[in-house]
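Quick note on our numbering: the sequence shown kicks off at 44 and runs consecutively.
Even for Gly, the Cβ is constructed at its ideal location relative to N, Cα and C.
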Amino acid sequence: MNNNAYKSLSKGYMMFLLPGLLLLSIFYIYPVLSAVYMSMTNWDGVSRTHDFVGFSNYLTAATDGRFLNALSFTLQYAFVSTVLSNIIALSVALALVKKIKFRNTFRAIYFFPAVLSMLIIGYIWQQIFYNVIPYIGERINVEALQTNMLGNQDLAFWALVIVTVWQASAILVVIYMAGLQTVPEDVYESAAIDGASGWKQFFKITLPLIVPSITICFILAMKQHLMVYDYIVALTGGGPGFATESVTLLIYNLGFLNNRFGYGTAVALMLFVFIIIVSIIQISYLRKKEVQL
Numbered sequence: 044m045n046n047n048a049y050k051s052l053s054k055g056y057m058m059f060l061l062p063g064l065l066l067l068s069i070f071y072i073y074p075v076l077s078a079v080y081m082s083m084t085n086w087d088g089v090s091r092t093h094d095f096v097g098f099s100n101y102l103t104a105a106t107d108g109r110f111l112n113a114l115s116f117t118l119q120y121a122f123v124s125t126v127l128s129n130i131i132a133l134s135v136a137l138a139l140v141k142k143i144k145f146r147n148t149f150r151a152i153y154f155f156p157a158v159l160s161m162l163i164i165g166y167i168w169q170q171i172f173y174n175v176i177p178y179i180g181e182r183i184n185v186e187a188l189q190t191n192m193l194g195n196q197d198l199a200f201w202a203l204v205i206v207t208v209w210q211a212s213a214i215l216v217v218i219y220m221a222g223l224q225t226v227p228e229d230v231y232e233s234a235a236i237d238g239a240s241g242w243k244q245f246f247k248i249t250l251p252l253i254v255p256s257i258t259i260c261f262i263l264a265m266k267q268h269l270m271v272y273d274y275i276v277a278l279t280g281g282g283p284g285f286a287t288e289s290v291t292l293l294i295y296n297l298g299f300l301n302n303r304f305g306y307g308t309a310v311a312l313m314l315f316v317f318i319i320i321v322s323i324i325q326i327s328y329l330r331k332k333e334v335q336l
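See below:
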């Protein structure tokens with residue numbers, strides 16, 4: 044290839060790349076750089092002027108009790124919801140891949156929560172926790188069910204986890220089913236001939252062969268749960284008190300209710316970096332498991 048042809052080909056590549064690079068710069072790079080600068084100011088979100096305060100907002104967050112409480116809640120919520128949703132999704136997927144009657148109907152039923160808006164789900168479950176469960180508790184005379192979980196600081200956390208796991212499991216079931224269907228049937232037949240029980244087949248054959256699906260499900264679930272906002276707005280609003288205030292809800296409250304836009308942006312960037320770190324750790328750990336297996 045001569046130099047003229049090479050230059051012509053390079054120009055062709057650049058012509059195709061420029062629209063994508065332009066969109067990336069406008070909608071990603073510029074907003075991120077603007078957010079980094081804004082996080083180092085004391086802008087209230089309204090005024091036309093603001094002062095540059097450097098890393099003051101980040102240092103404030105490190106000692107802010109409300110932020111630390113929100114971070115603690117978010118981490119606990121994300122960990123518990125991720126583990127439970129993956130366990131339930133894998134259990135349901137194992138049942139649905141078997142040749143049972145009305146299998147396709149059950150698949151549609153289990154996937155139904157995934158097509159609903161998170162806010163709609165939150166408002167539906169709010170009525171269930173406020174009215175349905177206490178009513179049932181009164182009818183069957185069970186005192187534990189007569190309490191409104193969303194109004195109790197100790198139970199509100201678990202109410203959110205229940206709703207989250209119910210909705211998040213739907214997508215994960217589809218991913219796990221796709222992974223399970225790639226496992227050859229003759230592998231199970233050979234294991235059964237060798238005398239391997241159902242549990243031994245699950246731990247020695249099924250789990251190792253669906254590690255790629257497990258990697259995807261855990262990363263998607265953890266990222267989604269660390270950024271939880273919709274459920275909390277619809278169900279508890281961060282209450283009782285600040286018991287269920289997540290980091291994302293705190294960011295909204297700081298920027299739009301407390302007029303601390305600069306500080307809220309700093310908290311948002313801290314969450315952004317934290318999610319990247321967690322995702323990298325997850326990918327590194329689970330990828331090693333894939334290689335080892």
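*Alpha carbon of residue 179 to alpha carbon of residue 318, nearest angstrom*: Along the sequence shown, read from residue 1 onward, the residue named residue 179 stands at position 136. Along the sequence shown, read from residue 1 onward, the residue named residue 318 stands at position 275. Straight-line Cα distance between these residues: approximately 40 Å.
_I'd like to know whether the C-beta atoms of residue 135 and residue 216 end up nearer to each other than 7 Å._
The count along the sequence shown starts at 1 and reaches residue 135 at position 92. The count along the sequence shown starts at 1 and reaches residue 216 at position 173. Result yes, Cβ atoms of residue 135 and residue 216 sit closer than 7 Å.
*Decide if the segment 232-242 is in contact with the segment 300-315; the criterion is three or more beta carbon pairs, one per stretch, under 8 Å apart.*
no
*Compare the Cα-Cα distances from residue 286 to each of 117, 324, 64, 325 and report the closest residue.*
Here residue 286 corresponds to residue number 243 of the sequence shown, with the count starting at 1. The residue with the shortest Cα to Cα distance from residue 286 is 117.
*asked:* Please classify residue 153 as buried or exposed, where buried requires at least 16 neighbouring CB atoms within 10 angstroms.
replied: Walking along the sequence shown from the start, residue 153 turns up at place 110. The residue in question, residue 153, is buried, as its Cβ has 16 or more Cβ neighbours within 10 Å.
*Quick one, which of 208, 207, 282, 122 has its alpha-carbon nearest residue 196's?*
Taking the first residue of the sequence shown as 1, we reach residue 196 at position 153. Per the Cα distances, 282.
*Straight-line Cα distance separating residue 257 from residue 329*: Within the sequence shown, the letter at position 286 stands for residue 329. Within the sequence shown, the letter at position 214 stands for residue 257. Cα-Cα distance, rounded: 8 Å.
*Please state whether DSSP places residue 98 in a helix, a strand or coil.*
Taking the first residue of the sequence shown as 1, we reach residue 98 at position 55. In the structure shown, residue 98 sits in coil (DSSP, three-state: anything other than H, G, I, E or B).
*Within the segment 255-316, note down every full alpha helix (DSSP H) run reaching 4 residues or more, in order along the chain.*
273-278, 290-295
*Going along the chain, which residues of its own chain have a beta-carbon closer than 7 Å to the beta-carbon of residue 140, five neighbours each way excluded?*
Residue numbering aside, residue 140 sits at position 97 when the sequence shown is read from its first letter. The answer, listed in chain order, is 220, 223, 224.
_Environment of residue 298 [buried if 16+ CB atoms lie within 10 Å]_ = On the sequence shown, position 255 is the one that residue 298 refers to. Buried: at least 16 other Cβ atoms inside 10 Å.
*Indicate the three-state DSSP secondary structure (helix, strand or coil) for residue 84 in the structure shown.*
The residue given as residue 84 occupies position 41 in the sequence shown. Three-state DSSP puts residue 84 in a strand.
*Give me the Cα-Cα distance between residue 326 and residue 262, rounded to the nearest whole angstrom.*
Sequence index remark: in the sequence shown, residue 326 carries index 283 (1-based). Sequence index remark: in the sequence shown, residue 262 carries index 219 (1-based). In a straight line, the C-alpha of residue 326 is about 8 Å away from that of residue 262.
*Please look up how many angstroms separate the CB atoms of residue 322 and residue 211, rounded, as I've assumed it's under 8 Å.*
Along the sequence shown, one-based indexing puts residue 322 at 279. Along the sequence shown, one-based indexing puts residue 211 at 168. With a Cβ gap of about 17 Å, residue 322 and residue 211 do not count as contacting.
*If you follow the alpha helix (DSSP H) that residue 220 is part of, which residue opens it and which one closes it?*
Indexing the sequence shown from 1 puts residue 220 at position 177. Element bounds for residue 220: 199-223.
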